[in-house]
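**Q** Residue numbers (this note's numbering): 3 to 336. Using N, Cα and C, we set each Cβ at its ideal position, and we do this for glycine too. Note that the structure is predicted; figures quoted are calculated from it, not measured. Have a look at the structure that comes next, please.
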Amino acid sequence: MSENSTTAFGSAFAEKMSIARYDGDRWQPWELVATGPLPIHPAIHALHYGSTCFEGLKSYRWENGEVRLFRLDRHVARMRTSAELLCLPVPEEKQLTDMINAAVRHNADSIPDLPGALYLRPMLIGTDENIGKASAPTSSAILAVLASPVGDYFSGGLRPLKVMLDEKNMRSTPQFGQAKCGANYVQALGIIEQAKARHGADQVLFCPDDDAQETGAANFVLIDDKRIITRHLDSSYLHGVTRDSVLAIGRDLGYEIEERAVSISEMKEFIKTGEMALTGTAAVLTPVGTLVHNDEEFSVGDGGIGKNSLKLREALVDLQSGRREDTHGWITHA
Ligand SMILES: *Cc1c(COP(=O)(O)O)cnc(C)c1O
């Protein structure tokens, strides 16, 4: 339960989790239980037909001892969108919000000091015990909120990433990219493993039809002294809360925001002088140092950590940590 620098992100769990069941008719009241195995039958819908989705958000203990969550409402809304896309019983807004808050409050002792956090992982699984239900939605489900104490994602220091551009494959599909679900991850895995083995790449940026979308688990931004450029939202990729937060903070800091399609040739031209970064709850804002395209490597700026990336990252971390005023109303009490 205790977090130390050797524990990998997401492999330690706090004592309690909140859990609720959908019984085919309605959501039952949630309860708090010891974190541990779920009683599931091997025939459940989620295991065979992929009816499962999840969320990921963080709570923090500020230096004054207070416990806060970052953009809880957005994560609750996104989980409901994912559930709907996958024909799962949609969690009620209030119940899911209460369950996440409870998982924070009842594990408050397990929240590491800053820059650590208590990562919350709401998960929803279809639990109908029926392997014949291949073409029908599950009518029962379990919703649970796991809590995991996490350290700084970059305990070894912020290291610029190497990202391979892939223009042949898609991470997900045009209609399901918006769902935060395991199926999307596992589809991308083989491609990412290949890029690691061939190029030592950390991630793959999927650019089907020369349209840069996102990596396996993060959105991308291009940054220079004046502008932040990122892809416009549509149903083909995951709408990151961090992406949205970086754009809003960027606007506050005077950057112009461009949300539009980005081609590979534009990206390669941009990074000669500009910066590039990936955004996500776990990694916050992580600089990209090198792009790989058609077996050739291209340095992003000088390959190091750009000053604009660092400035935006610090502004976001400061806001999450209570050191910068929350002018957007993003911070809530557990
Ligand atoms: C969760 C996720 C992100 C990042 O979203 P945040 O809300 O910023 O954490 C980006 N891409 C994918 C595919 C994701 O699953």
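Do you know how far the Cα of residue 283 is from the Cα of residue 189?
**A** Going from the Cα of residue 189 to the Cα of residue 283 covers about 21 Å.
**Q** Which residues are close to ligand 1, meaning CB closer than 6 Å to any heavy atom, in chain order?
**A** Going by the Cβ distance cut-off, the answer is 58, 182, 216, 219, 220, 221, 240, 242, 243, 244, 245, 281, 282 and 283.
**Q** Please tell me whether, using a cut-off of 6 Å, the distance from the CB of residue 101 to the nearest non-hydrogen atom of ligand 3 is below it.
**A** Although ligand 3 was asked about, the structure shown includes only ligand 1 as ligands.
**Q** By the three-class DSSP mapping on this structure, what secondary structure does residue 317 have?
**A** The answer is helix: DSSP assigns residue 317 an H, G or I state.
**Q** Contact between the stretch 218-226 and the stretch 272-281: three or more CB pairs below 8 Å?
**A** At 8 Å Cβ cutoff, the stretches touch.
**Q** Could you give the first and the last residue of the continuous alpha helix (DSSP H) run that contains residue 101?
**A** Taken as a continuous stretch (DSSP letters only), the alpha helix (DSSP H) holding residue 101 covers 95-107.
**Q** Here's the rule: buried if 16 or more other CB atoms are within 10 angstroms of the residue's CB, otherwise exposed. What is residue 43?
**A** So residue 43 counts as exposed.
**Q** Are there 16 or more other CB atoms within 10 angstroms of the CB of residue 130, so buried, or fewer, so exposed?
**A** Burial call: buried.
**Q** Select from 175, 49, 236 and 196 the residue whose C-alpha is nearest the C-alpha of residue 135.
**A** It is 49.
**Q** Alpha carbon to alpha carbon, how far is residue 322 from residue 69? Give it in angstroms, no decimals.
**A** So the two alpha carbons sit approximately 11 Å from each other.
**Q** Is it buried or exposed for residue 133, if we count other Cβ within 10 angstroms and need 16 for buried?
**A** Classification of residue 133: exposed, given that the 10 Å Cβ count is below 16.
**Q** To which residues of the same chain is residue 3 closer than 8 Å at the C-beta, ignoring the five residues directly before and after it?
**A** At residue 3, the pLDDT of 42 sits below 50, so the modelled position is not reliable and the matter cannot be decided from this model.
**Q** Going by the CB atoms, is the gap between residue 171 and residue 194 shorter than 7 Å?
**A** Not closer than 7 Å, so no.
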